[in-house]
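Chemist:
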Amino acid sequence: MFDEMYKAIKQHMRRGRAQCNHGEGGHPLFVNVDMNTGELYSTWIDSLQASFAGIQVLVGDIEEAICTHALYYVIWKRYGVLPERYNWKLLTPDISFYPLRPEFIESTYFLYQATKSPFYLHVGQEILANLNQFTRTGCGYATVHSVGDMSLEDRMESFFLSETTKYLYLCEAMSEDKRYALPIKNKYLAQISLVYGPYLKSTGLTNQPFGSLQPDWYDNQLLHLANDLATRLLPAFQNTTTGLPVPRVNLKSGVPDFPISSDTCPAGAGTFLLEMGILSRLLNDPVYENYARRANKALWNVRDKNTGLLGSDGVVVNSSSGTKPDDPKSGEQNVVSPKISIAKPSPPTPSPPQPIPTKRPSPPKPEPPKPEPPKSVPKPEPPKVTPKPEPPKVTPKPEPPKTIPKPEPPKPAPPPKSREDQLFEQILESRLD
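The sequence shown begins at 1 in the UniProt record's numbering and counts up one residue at a time.
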């Protein structure tokens, strides 16, 4: 499934020259397109898209990952931080604030692990220095209101501590023996602004990507909290016929009795799927992964038939019917994965009581006849002794032939998994190895 979607993304969304440093055209980038036609939809890229370079590393497309990362690094160098949206045609920010997002740092971390180039350590040091210079305050780190004047807002997003600082720590503070590398040649890459070095390919990750970082005092507290949160989110996935989650769920009381809408966006539907699958593997409990696979299948079924793209901006999917508002079938009940109703077994009908048989009385015993007096019998002559006949020879019975057990017929092979299930399995295993 991922291979097909990645191919569609590169076919319809990639712009620029065919290779990063060779050929005609501008620097390669991925743009926003109409999911139905593949035509250009807008001329901006946002800071969330900076995570795509990390995804390309995980799939083994190192050459494209280096190229994608280079674009966002140039924007970071120009402003000191990443503006939320950048217009690649006008070469100016469309939305100027920076809420301390982690995506660019995450991709920097993955690229360093893949290439071992010290250049990406240098990028991490630059990011850390800029955060301290422009966003640090007396009580934390603040959102940049505008990259034009570096004015700050009175807020710090929660993902700054849970994601941004985590990737900075992994990139800078891990000792060399705890790092992992993709199985590629250990060559250094030139700096992004210069000519790129040899492009490297890979197919997978080695085991234990983050080494042993668990301190002695840690007792899986975060895993318990994640399990509690996932349990509270589960009703959003349980109460729909398609498997797509409802758009809102109350973490205390569950799904509202009278929801405002059943429409959910694909990005929101897919947010927790990978996390739920990994949580199931860590807990050895398949419940979260089963619901994630069900929602994954529903998302796969609403892709555009022509381009293979799912769409995000302004696109919603009805969690009950599995259709979009502009779908001609949206008026019907187009159920992607209906619930299976299990009928309760009917109680057994009692059988009529059987009559208890009565014991028949036994007939009276007849009186024994009186014995007659014995008659005098003459003494018999002694019998002639005849020789005893020899016993017949017993011939042993032939043993029955041994029966050779018939070999059991081979068990039928399990049905093959669907393509979306196979890819979901591969992604989970690569993240857990």
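The beta-carbon is built from N, C-alpha and C at its ideal position, and this holds for glycine as well.
Predicted model, so just to flag it, every value in this text is computed and none were measured.
(1) With DSSP as the reference, label L244 as helix, strand or coil.
(2) What distance in whole Å lies between the Cβ atoms of L82 and R101, which are believed to be in contact at a cut-off of 8 Å?
(3) Based on DSSP bridge pairs, tell me the residues matched to Y86.
(4) Between F159 and the rest of its own chain, which residues show a CB-CB distance below 8 Å, the 5 nearest in sequence each way excluded?
(5) Give the range of the beta strand (DSSP E) segment to which H145 is assigned.
(6) Is the beta carbon of A230 sitting closer than 8 Å to the one on M156?
(7) Counting C-beta neighbours from all protein chains within 10 Å, is the total for H22 16 or more, i.e. buried, or is it exposed?
(8) Let me know the secondary structure DSSP gives R101 once reduced to three states.
(9) Rounding to the nearest angstrom, what Cα-Cα distance links L29 and K252 in this structure?
(10) Can you check which of these residues, E39, R294, D154, C67, is closest to G138 by C-alpha distance?
(11) Considering only residues of the same chain and omitting the five flanking positions on each side of G124, which have a CB-CB separation below 8 Å?
(12) Is the distance from the Cβ of I75 to the Cβ of R85 below 8 Å?
(13) Would you please state the rounded distance, in angstroms, between the beta carbons of A65 and A50? I believe it to be under 8 Å.
(14) To which residues of the same chain is L48 closer than 8 Å at the C-beta, ignoring the five residues directly before and after it?
(15) Which same chain residues end up closer than 8 Å to L90 when comparing Cβ atoms and leaving out the 5 residues on each side of it in sequence?
(16) Using only the alpha-carbon positions, how far apart do N296 and A129 sit?
(17) Please say whether M5 and G243 have beta carbons closer to each other than 8 Å?
(18) Using a Cβ-Cβ distance cut-off of 8 Å, determine whether E63 contacts chain B.
(19) Verify whether the separation of the beta carbon atoms of N227 and L279 is less than 8 Å.
(20) List the residues that DSSP assigns as beta-bridge partners of G23.
(21) Between N239 and the rest of its own chain, which residues show a CB-CB distance below 6 Å, the 5 nearest in sequence each way excluded?
(22) Under the three-state reduction of DSSP, which class applies to V123: helix, strand or coil?
(23) Would you list the residues sitting across from R136 in a DSSP beta bridge?
(24) For A236, tell me which candidate among H69, T264, L283 has the shortest Cα-Cα distance.
(25) Pick helix, strand or coil for G60, following the three-state DSSP scheme.
(26) Suppose contacts are defined by Cβ-Cβ distances below 8 Å. Is D421 in contact with R232 by that definition?
(27) Smallest Cα separation from V33: which of K10, E163, M150?
(28) Roughly how many angstroms separate the alpha carbons of G16 and K417, rounded to a whole number?
(29) Just verifying my parser: in three-state terms, what is the DSSP assignment at V302?
(30) Would you decide whether Q333 is buried or exposed? Buried here means 16 or more other CB atoms lie within 10 Å of its CB.
Modeler: Reading from the atomic positions:
(1) Translated into the one-based positions of the sequence shown, residue 244 becomes position 244. DSSP places L244 in coil when its eight states are reduced to three.
(2) Walking along the sequence shown from the start, residue 101 turns up at place 101. Walking along the sequence shown from the start, residue 82 turns up at place 82. R101 to L82, Cβ: 7 Å. Contact.
(3) Numbered from its first residue, the sequence shown carries residue 86 at position 86. Note: Y86 sits in a beta bridge opposite I45, P93.
(4) Taking the sequence shown and counting its residues from 1, the one referred to as residue 159 is at position 159. Cβ within range, chain order: L100, R101, P102.
(5) Within the sequence shown, numbered from 1, the residue matching residue 145 stands at position 145. First-last of the beta strand (DSSP E) with H145: 144-146.
(6) Reading the sequence shown from its first residue, position 230 is the one you call residue 230. Reading the sequence shown from its first residue, position 156 is the one you call residue 156. No, the Cβ-Cβ distance between A230 and M156 is not below 8 Å.
(7) Mapped onto the sequence shown, residue 22 falls at position 22. It is exposed - the Cβ of H22 has fewer than 16 other Cβ atoms within 10 Å.
(8) Taking the sequence shown and counting its residues from 1, one reaches residue 101 at position 101. Three-state result, R101: coil.
(9) Looking up residue 29 in the sequence shown gives position 29. Looking up residue 252 in the sequence shown gives position 252. Roughly 43 Å separates the two Cα atoms.
(10) In the sequence shown, counting from the first residue as 1, residue 138 sits at position 138. Among E39, R294, D154, C67, the Cα nearest to that of G138 belongs to D154.
(11) Here residue 124 refers to the residue found at position 124 of the sequence shown. Contacts found: I105, T108, Y109, Y112, L168, C171, E172.
(12) Taking the sequence shown and counting its residues from 1, one reaches residue 75 at position 75. Taking the sequence shown and counting its residues from 1, one reaches residue 85 at position 85. Not in contact: I75 and R85 (Cβ atoms no closer than 8 Å).
(13) Counting from one through the sequence shown, the residue named residue 65 turns up at place 65. Counting from one through the sequence shown, the residue named residue 50 turns up at place 50. Not confirmed; about 11 Å, so no contact.
(14) Counted from its first residue, the sequence shown places residue 48 at position 48. Closer than 8 Å at the Cβ level, and outside the excluded window around L48, lie R101, E103.
(15) By one-based count along the sequence shown, residue 90 stands at place 90. Excluding sequence neighbours, L90 sits near T43.
(16) Position 296 of the sequence shown holds residue 296. Position 129 of the sequence shown holds residue 129. If you take the alpha carbons of N296 and A129, they lie about 40 Å apart.
(17) For the purposes of this step, residue 243 is taken as residue 243 along the sequence shown, with counting starting at 1. For the purposes of this step, residue 5 is taken as residue 5 along the sequence shown, with counting starting at 1. Cβ distance not < 8 Å, so G243 and M5 don't count as in contact.
(18) Of the protein chains in this structure there is only one, and it is not chain B.
(19) Indexing the sequence shown from 1 puts residue 227 at position 227. Indexing the sequence shown from 1 puts residue 279 at position 279. Contact flag set, yes.
(20) In the sequence shown, residue 23 corresponds to position 23, counting from 1. DSSP, once it has assigned bridges, lists no residue as partnering G23.
(21) Taking the sequence shown and counting its residues from 1, the one referred to as residue 239 is at position 239. The answer, listed in chain order, is V255.
(22) Counted from its first residue, the sequence shown places residue 123 at position 123. In the structure shown, V123 sits in a helix (DSSP, three-state: H, G or I).
(23) In the sequence shown, counting from the first residue as 1, residue 136 sits at position 136. Paired residue(s): Y141.
(24) Indexing the sequence shown from 1 puts residue 236 at position 236. Looking at the Cα atoms, T264 is the closest of the given residues.
(25) Position 60 of the sequence shown, counted from the first residue, corresponds to residue 60. If DSSP states are grouped into helix, strand and coil, G60 belongs with coil.
(26) Numbered from 1 along the sequence shown, position 421 holds the residue referred to as residue 421. Numbered from 1 along the sequence shown, position 232 holds the residue referred to as residue 232. The answer is no: Cβ separation not under 8 Å.
(27) For the purposes of this step, residue 33 is taken as residue 33 along the sequence shown, with counting starting at 1. It is K10 whose Cα lies nearest to the Cα of V33.
(28) Here the question's residue 16 lines up with position 16 in the sequence shown. Here the question's residue 417 lines up with position 417 in the sequence shown. Each residue's alpha carbon lies about 37 Å from the other.
(29) For the purposes of this step, residue 302 is taken as residue 302 along the sequence shown, with counting starting at 1. Coil at V302, not helix or strand.
(30) By one-based count along the sequence shown, residue 333 stands at place 333. Its pLDDT being 42, under 50, Q333 is placed unreliably in this model, and the coordinates cannot settle the point.
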